[in-house]
Amino acid sequence: MDAAHTEPLTVAESADDVEHHRPTTFCPRFHYAVELIGRRWTGAILRSLLSGAIRFSDISSSVPGLSDRLLSERLRELEAEGIVVRTVIPVMPVKVEYTLTDKGQSLLPVIEEVSSWAERWVDGSTAAKSCERAGHHS
Numbered sequence: 008m009d010a011a012h013t014e015p016l017t018v019a020e021s022a023d024d025v026e027h028h029r030p031t032t033f034c035p036r037f038h039y040a041v042e043l044i045g046r047r048w049t050g051a052i053l054r055s056l057l058s059g060a061i062r063f064s065d066i067s068s069s070v071p072g073l074s075d076r077l078l079s080e081r082l083r084e085l086e087a088e089g090i091v092v093r094t095v096i097p098v099m100p101v102k103v104e105y106t107l108t109d110k111g112q113s114l115l116p117v118i119e120e121v122s123s124w125a126e127r128w129v130d131g132s133t134a135a136k137s138c139e140r141a142g143h144h145s
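Just so you know, the sequence shown maps onto residues 8 to 145 in the numbering used here.
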């Protein structure tokens, strides 16, 4: 079987690796997904969208330190990936809301797991310093 037809995730043959389902090969899909949701500020933006339809200014205020330019860029990326939908409501003044699609909602367990992992393993003072350097003040 050639490389184009291999499964994206394979498991090692040792008993220890099989028992723990440890991936042994590079997976382009996994790498792409991690790069997509791991871009700067994207996780915080996704968390703010979990509560439902939200306006640009509400996202911006829920993620202090995030510039409007970068928020706009990230929302466009997420929209292009089918994770976020942008809805223009024809009222005066025009109202724009952002909502997670089903694809975006399916990230909920991932976000919850990363949050749990962070609570357990990320030092609070280190995280706070990182946020301060990025302009995010809690």
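Glycine residues also receive a C-beta, built at the ideal position from the N, C-alpha and C atoms. Here the structure is a predicted model, which is why all the values come from computation and not from measurement.
Please report how far the alpha carbon of residue 33 lies from the alpha carbon of residue 65, in whole angstroms. Going from the Cα of residue 33 to the Cα of residue 65 covers about 38 Å.
Other residues of its chain near residue 129: CB distance less than 6 Å, five sequence neighbours each side excluded: none
With a cut-off of 8 Å, do at least 3 Cβ pairs link the stretch 66 to 82 to the stretch 108 to 120? no
Straight-line Cα distance separating residue 40 from residue 103: 27 Å
Less than 8 Å between the CB atoms is what I'm expecting for residue 83 and residue 46, so what's the real figure, rounded? At roughly 12 Å, the Cβ-Cβ gap does not stay under 8 Å, so residue 83 and residue 46 are not in contact.
Among the residues of its own chain, which have a CB less than 6 Å from the CB of residue 96, if the five just before and after it don't count? 102
So residue 104 is in the beta strand (DSSP E); what residue range does that whole segment cover? 102 to 107
Look up residue 31 in the DSSP assignment and say whether it is helix, strand or coil. coil
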